[in-house]
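Asker: Below is one structure. I have some questions about it.
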Amino acid sequence: MEQKKPVLSDATGEHVYHCAKCGLCLNACPVYRETLVESHSPRGKVQLAKHIIEGDLDITKHMSDILFSSCLLCGSCVAACPSGVRQDALFSGLRWRAAERYGLGFTKKLFFQVLSRGWLMSTSAWFGKWVRKIFGGPWIENRMKVGNLPVAGVPPMNAKPFNDEFPEIVRPDGAVNARVLYFHGCATNYVFGDVGRAVVSVLTRMGVEVEIPKNQSCCGLPIFLSGDRKTSLTCIREVVHAFSRKDVDAVIVDCATCGSALRNEYVHILKELRDLGEGVDDDLVAAAEHLAGITKNVSEFIDAHRDWLPPFPPYTGEKIRVTYHDPCHLVKGQNVGAQPRRLLKLLPTVEFVEMAEADRCCGGGGEYQIEYGDMSARITNRKVENVRKTDAEFVATGCPGCNITIGAHVAKDHVKAIHTVQLIRNALDGKGPGE
Amino acid sequence: MIREETIQKFREIVGPDACLSSVEDLINYSYDSSVDEAMPDVVLLPQGTEQVSAIMKVANEEGIPVTPRGAGTNLSGGTVPMKGGIVLVLTRMNRLIKLSKEDRYAIVEAGHINLDLQNRVKAEGLFYPPDPASWSVSTLGGNVGENAGGPRGVKYGVTRDWLLGLKVVLADGRIIQAGGITAKNVTGIDLISLFTGSEGCLGIVTEVTVKLLPLPPFQQSIQAFFPQLDGASRTVARIIGSGIVPVALELMDKVVVNMIEDSAHIGLPRDVEGTLLIMVDGEEATCRKQVEVMEKICRDEGSSDIQVAQSAEEEDKLWLGRRSAFGVMSRKRPTCVLEDVTVPVSNLPAMIKGTVEIGKKYNLTIGVMAHAGDGNTHPMIVTDKRDREEWKRVEKAVSEIFHLAVDLGGTLSGEHGIGLSKKPFIPLIMNDDARRLMVEIKSVLDPKGILNPGKFIE
Chain A
32 MEQKKPVLSD
42 ATGEHVYHCA
52 KCGLCLNACP
62 VYRETLVESH
72 SPRGKVQLAK
82 HIIEGDLDIT
92 KHMSDILFSS
102 CLLCGSCVAA
112 CPSGVRQDAL
122 FSGLRWRAAE
132 RYGLGFTKKL
142 FFQVLSRGWL
152 MSTSAWFGKW
162 VRKIFGGPWI
172 ENRMKVGNLP
182 VAGVPPMNAK
192 PFNDEFPEIV
202 RPDGAVNARV
212 LYFHGCATNY
222 VFGDVGRAVV
232 SVLTRMGVEV
242 EIPKNQSCCG
252 LPIFLSGDRK
262 TSLTCIREVV
272 HAFSRKDVDA
282 VIVDCATCGS
292 ALRNEYVHIL
302 KELRDLGEGV
312 DDDLVAAAEH
322 LAGITKNVSE
332 FIDAHRDWLP
342 PFPPYTGEKI
352 RVTYHDPCHL
362 VKGQNVGAQP
372 RRLLKLLPTV
382 EFVEMAEADR
392 CCGGGGEYQI
402 EYGDMSARIT
412 NRKVENVRKT
422 DAEFVATGCP
432 GCNITIGAHV
442 AKDHVKAIHT
452 VQLIRNALDG
462 KGPGE
Chain B
18 MIREETIQKF
28 REIVGPDACL
38 SSVEDLINYS
48 YDSSVDEAMP
58 DVVLLPQGTE
68 QVSAIMKVAN
78 EEGIPVTPRG
88 AGTNLSGGTV
98 PMKGGIVLVL
108 TRMNRLIKLS
118 KEDRYAIVEA
128 GHINLDLQNR
138 VKAEGLFYPP
148 DPASWSVSTL
158 GGNVGENAGG
168 PRGVKYGVTR
178 DWLLGLKVVL
188 ADGRIIQAGG
198 ITAKNVTGID
208 LISLFTGSEG
218 CLGIVTEVTV
228 KLLPLPPFQQ
238 SIQAFFPQLD
248 GASRTVARII
258 GSGIVPVALE
268 LMDKVVVNMI
278 EDSAHIGLPR
288 DVEGTLLIMV
298 DGEEATCRKQ
308 VEVMEKICRD
318 EGSSDIQVAQ
328 SAEEEDKLWL
338 GRRSAFGVMS
348 RKRPTCVLED
358 VTVPVSNLPA
368 MIKGTVEIGK
378 KYNLTIGVMA
388 HAGDGNTHPM
398 IVTDKRDREE
408 WKRVEKAVSE
418 IFHLAVDLGG
428 TLSGEHGIGL
438 SKKPFIPLIM
448 NDDARRLMVE
458 IKSVLDPKGI
468 LNPGKFIE
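Taken in order, these protein sequences are the chains called A and B.
Each residue of the first sequence is one higher than the last, beginning at 32 in the numbering used here.
Each residue of the second sequence is one higher than the last, beginning at 18 in the numbering used here.
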């Protein structure tokens with residue numbers, strides 16, 4: 032008789048038994064707060080996972096839809112769970128099994144193949160830019176919405192990939208306080224080149240030698256969160272190979288999502304694939320564990336070494352009001368929330384104002400906003416309303432995904448989304464936030 | 018099983034999006050925060066009293082069981098549909114219908130979330146006291162159904178004490194209003210009390226009118242640590258005896274404190290046997306004086322360390338740990354059996370001592386937590402239901418805890434309700450005639466026995 036393959040590794044599966052069904056995750060979940068239906072809640076899906084693991088519930092098409100449509104994998108439930116249940120591990124594992132069974136859909140498949148191959152990514156980015164130039168122009172884009180995302184508000188592609196702008200090693204003038212590797216991720220490389228420039232500028236001014244490895248892969252997170260673990264493994268291997276080094280002080284990441292991949296997800300996924308006999312060995316797990324230990328978010332790193340910052344030049348202009356949005360993958364995934372706020376309050380150019388529910392999801396969820404536009408819009412509206420109430424001119428954040436989602440929706444109010452590190456760089460240049 | 022034509026009728030009443038029958042949805046409404054589970058046949062999410070009434074008419078005609086449910090966070094199995102049928106989920110009926118600052122009351126639909134109401138009225142300088150640990154998600158309707166309490170119960174009582182009126186749909190679909198919006202009301206039998214805590218066995222509460230207080234101008238919390246658990250429980254009895262009425266007076270033993278610290282990392286000392294968490298509110302000068310008196314009592318009873326919260330953030334942190342205690346217990350072992358036996362506060366030291374001894378006798382890990390100020394103890398047995406031998410010991414220990422509470426002049430449940438788990442123990446506390454009276458009352462209101470059948474009124 033054929034032995035039935037376990038759905039998840041024992042270590043991951045055991046989590047379902049530690050759910051006390053207390054319900055404290057319900058309020059934390061942005062989707063449940065909108066629909067108020069139990070199957071959309073983390074508790075509901077954990078209980079379904081329990082039935083699947085025990086073998087009395089099949090991963091039906093409906094179940095697959097629940098896994099993808101009612102979860103942004105924002106990790107809010109993980110942060111809220113008093114019992115320490117890793118809902119994210121359970122749900123991403125089940126998405127993997129669902130995708131194995133029902134496939135990914137053609138566009139997703141193509142998208143992930145592109146993401147997982149650096150050269151394809153750069154080619155397609157150029158292609159996208161070209162298409163935009165030929166067919167685009169504001170007259171068409173102003174009317175276009177992809178899912179919940181107004182296209183007009185989405186920033187254009189970089190003129191050339193960020194990685195090509197700098198030599199592999201950028202040395203500071205003067206003494207070297209630390210040596211770091213910079214993992215810039217796809218977003219900085221292809222869309223937010225200025226974030227990358229700001230990272231390099233601030234770090235070198237702090238006396239940090241920045242090495243920017245060539246041919247960086249995608250972190251793989253958008254791929255494995257969609258269930259395509261096999262493709263994502265290509266990315267994970269490449270990143271671990273290039274960045275898990277013992278001769279550097281830290282690996283700096285400017286993107287909340289990439290950071291949570293390198294820090295939290297790799298080790299978990301690799302261990303699970305190892306335990307399930309999917310061709311991952313102990314050496315790779317150990318290298319990923321080392322990488323997790325040295326990875327730092329850029330705001331976190333700058334904040335920890337504030338004393339390395341040169342003094343800010345005097346600023347006589349009017350202070351600009353700035354609020355801060357906590358990306359889920361940063362505040363919940365990496366516990367980085369106080370640091371960017373502390374830095375923003377340091378800036379002579381900025382009047383910092385806290386928004387209500389700053390740590391609530393923006394509703395973007397990467398691809399989620401495109402595929403499940405209606406739900407995403409309901410969550411985003413709440414965020415936009417909270418931004419508006421602050422009267423801020425800028426929303427600082429630490430995630431390109433949130434930047435695109437929030438930025439695209441607040442553009443009509445003349446509010447801009449910006450990375451915290453860009454504001455720091457501008458202040459060091461003696462310039463206001465928007466200059 | 019419900020016939021497809023009947024389900025079609027329900028679908029027409031609530032709309033296709035609010036009539037759920039996939040196996041996934043049925044599983045998701047088969048449980049609450051307690052241990053037992055049972056599958057419904059269909060899940061309905063009505064919007065508005067009229068829809069509830071229409072559903073009840075059909076259900077009553079056809080004799081289909083109906084179990085009303087809010088967020089499903091009760092700890093007694095009150096919303097588990099033991100006989101299948103309909104789970105009637107009221108979460109989408111969550112409007113704030115009226116908030117009167119002048120007359121200090123609010124009317125909400127049953128699905129309104131407790132904390133949302135708290136925040137809303139606070140913005141107007143008002144205060145709604147009942148604060149069950151599940152307040153961030155539990156609904157007012159659910160709070161009424163279970164007559165929920167919370168830490169603030171010492172000073173402010175339980176949900177019933179804050180109700181002015183209820184709109185109730187009866188088993189056959191008729192709609193009644195019990196009480197009103199006035200602060201005083203003795204017109205007729207007190208129907209509000211009849212429905213409150215009836216766990217959905219007598220009617221479906223669809224609207225709740227609560228009275229509100231002016232927001233107290235000041236509050237302060239202190240935390241005291243004791244090398245002996247006994248010293249902590251004696252302190253409780255002495256504070257209450259001194260004439261101070263704290264808002265909340267919580268006791269936690271070493272097991273609970275360590276579990277909370279594992280989860281919340283708020284710097285609780287791991288080696289002390291007993292911890293008290295006390296809050297007072299009112300005028301600042303009075304509060305500070307009360308804190309002084311309480312500090313002295315704590316020291317007299319051997320407290321090794323007393324901390325006074327210095328800011329609102331510090332207060333929130335202290336109380337967040339306490340609120341998460343139930344979930345926290347599931348970190349080490351999968352199943353947490355949480356009881357809520359309540360005794361006169363003077364017998365609290367004996368109750369706690371006895372609970373610890375029962376834990377030892379049956380070789381179980383029992384965390385002791387209590388809303389100590391009102392004698393409401395929450396022994397939490399941490400176990401794994403998959404271990405059958407241990408589960409037998411758990412059942413024996415629970416039974417002994419109930420017997421002990423009754424011997425000490427106490428009762429089975431202070432605020433969680435009877436639900437399923439405590440049903441067999443009702444005879445300990447109510448004689449045959451009293452139980453028969455409950456059955457007779459139910460038979461008048463629900464002659465076909467469709468409302469939450471299989472629960473404590475049988």
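For each residue, glycine too, the CB sits at the ideal point set by N, CA and C.
The structure displayed is predicted, hence computed values, not measured ones.
#1: Buried or exposed: where does Q25 of chain B fall if 16 or more other Cβ atoms within 10 Å of its Cβ makes it buried?
#2: Since R410 of chain B and Y379 of chain B should fall inside the 8 Å C-beta cutoff, what is the C-beta to C-beta distance between them, to a whole number of angstroms?
#3: Would the segment 266-278 of chain A count as touching the segment 341-353 of chain A if we require 3 or more Cβ pairs under 8 Å?
#4: Rank B:A265, B:L232, B:A35, B:L116 by C-alpha distance to the C-alpha of G174 of chain B and give the top, closest one.
#5: Could you work out which residues of chain B lie near L88 of chain A, taking near to mean beta carbons separated by less than 9 Å?
#6: What is the residue span of the beta strand (DSSP E) that Q324 of chain B lies within?
#7: Have a look at A:S291, A:S107, A:A448, A:K81 and flag the residue whose alpha-carbon is nearest the alpha-carbon of L125 of chain A.
#8: Below 7 Å on C-beta distance, what does Q78 of chain A contact in chain B?
#9: Within a Cβ cutoff of 8 Å, which residues of the same chain sit near G115 of chain A, ignoring the five residues on either side of it in sequence?
#10: Listing by chain order, which chain A residues have their CB less than 9 Å from the CB of V297 of chain B?
#11: Starting from A317 of chain A, trace the alpha helix (DSSP H) in both directions and tell me its first and last residue.
#12: Pick helix, strand or coil for I72 of chain B, following the three-state DSSP scheme.
#13: Using 8 Å as the limit for Cβ to Cβ distance, is T90 of chain B near chain A?
#14: Am I right that E216 of chain B and K465 of chain B are in contact with their C-beta atoms under 8 Å? What's the rounded C-beta distance?
#15: Residues of the segment 150-170 of chain B with a CB closer than 7 Å to any CB of chain A: list them in chain order, please.
#16: The alpha helix (DSSP H) spanning C433 of chain A covers which residue range?
#17: Reducing DSSP to helix, strand and coil, say where I455 of chain A ends up.
#18: To be precise: take each residue of the segment 406-418 of chain A, compare its Cβ to all Cβ atoms of chain B, and keep it if any distance is under 8 Å. Which residues remain?
#19: Flag this pair as yes or no: are the beta carbons of S238 of chain B and S280 of chain B separated by less than 8 Å?
#20: Of all the options A:A408, A:G224, A:T451, which has the alpha carbon lying nearest to the alpha carbon of V441 of chain A?
#21: Assuming F243 of chain B and G291 of chain B make a contact with CB atoms under 8 Å, what is their CB distance in whole Å?
#22: For the candidate residues B:L337, B:G197, B:I314, B:D450, whose alpha-carbon lies nearest to that of A249 of chain B?
#23: Would you kindly report the start and end of the unbroken beta strand (DSSP E) that includes Y213 of chain A?
#24: Alpha carbon to alpha carbon, how far is K402 of chain B from D207 of chain B?
#25: Classify Q327 of chain B: buried if its beta carbon has 16 or more other beta carbons within 10 angstroms, exposed otherwise.
#26: Do G368 of chain A and N328 of chain A count as a contact pair if the criterion is CB distance below 8 Å?
#27: Would you please state the rounded distance, in angstroms, between the beta carbons of G101 of chain B and M56 of chain B? I believe it to be under 8 Å.
#28: At what residues does the alpha helix (DSSP H) containing C266 of chain A begin and finish?
#29: How about A355 of chain A: is its C-beta nearer than 8 Å to some C-beta of chain B?
#30: Against chain B, does N58 of chain A count as a neighbour if the rule is that its beta carbon must be under 8 Å from one of theirs?
#31: So, is the C-beta of T66 of chain B closer than 8 Å to a C-beta in chain A?
#32: In the structure shown, what three-state DSSP assignment does E85 of chain A receive?
#33: Using a Cβ cut-off of 9 Å, pull out every chain B residue sitting near L55 of chain A, in sequence order please.
#34: Should R348 of chain B be flagged as near chain A, meaning a C-beta pair shorter than 8 Å?
#35: Kindly say whether R109 of chain B, judged by its beta-carbon, lies nearer than 8 Å to any beta-carbon of chain A.
#36: What is the residue span of the alpha helix (DSSP H) that K139 of chain B lies within?
Answerer: Reading off the structure:
#1: Within 10 angstroms of the beta-carbon of Q25 of chain B lie fewer than 16 other beta-carbons, which makes it exposed.
#2: About 4 Å; that satisfies the 8 Å criterion.
#3: No, they do not touch.
#4: Looking at the Cα atoms, B:A265 is the closest of the given residues.
#5: The answer, in chain order, is V40, E41, I44.
#6: Where Q324 of chain B is concerned, the enclosing beta strand (DSSP E) stretches over 322-325.
#7: For the residues A:S291, A:S107, A:A448, A:K81, the minimum Cα distance to L125 of chain A belongs to A:K81.
#8: Under the 7 Å cutoff, chain B gives I44, N45, Y48.
#9: Cβ neighbours of G115 of chain A beyond the five flanking positions: H49.
#10: What V297 of chain B touches in chain A: nothing, since even the nearest Cβ is about 26 Å away.
#11: Counting along the chain, the unbroken alpha helix (DSSP H) around A317 of chain A starts and ends at 313-325.
#12: Three-state result, I72 of chain B: helix.
#13: Chain A, which has a Cβ nearer than 8 Å to the Cβ of T90 of chain B, makes this yes.
#14: Between K465 of chain B and E216 of chain B the Cβ distance is about 18 Å, and since that is not below 8 Å, they are no contact.
#15: Within the segment 150-170 of chain B, the residues whose Cβ lies closer than 7 Å to any Cβ of chain A are, in chain order, S151, S153, V154.
#16: Per DSSP, C433 of chain A belongs to the alpha helix (DSSP H) from 431-441.
#17: In the structure shown, the three-state DSSP call for I455 of chain A is helix.
#18: Only those residues of the segment 406-418 of chain A whose C-beta falls short of 8 Å from the nearest C-beta of chain B would be listed, and there are none.
#19: The criterion of a C-beta distance shorter than 8 Å is not satisfied by S238 of chain B and S280 of chain B.
#20: If we check each option's Cα against that of V441 of chain A, A:A408 comes out closest.
#21: Confirmed, Cβ separation roughly 4 Å.
#22: When only C-alpha atoms are compared, the closest one is B:I314.
#23: Where Y213 of chain A is concerned, the enclosing beta strand (DSSP E) starts and stops at 209-214.
#24: Straight through space, the alpha carbons of D207 of chain B and K402 of chain B are spaced by roughly 41 Å.
#25: Exposed is the call here.
#26: No, the pair does not count as a contact, with Cβ atoms beyond the cut-off.
#27: Taking the Cβ atoms as the reference, G101 of chain B lies roughly 6 Å from M56 of chain B, within the contact range of under 8 Å.
#28: Per DSSP, C266 of chain A belongs to the alpha helix (DSSP H) from 260-274.
#29: Note on identity: in this sequence residue 355 of chain A is Tyr, with Ala being the wrong assignment. No, Y355 of chain A does not count as interfacial toward chain B.
#30: Yes - at least one Cβ of chain B is within 8 Å of the one on N58 of chain A.
#31: So, not an interface residue.
#32: Here E85 of chain A sits in helix by DSSP.
#33: Within chain B, the residues near L55 of chain A are T90, A150, S151, S153, V154, R340, S341, F343, G344.
#34: Yes, contact with chain A.
#35: Output row for R109 of chain B: interface = yes.
#36: DSSP places K139 of chain B inside the alpha helix (DSSP H), whose first and last residues are 131-139.
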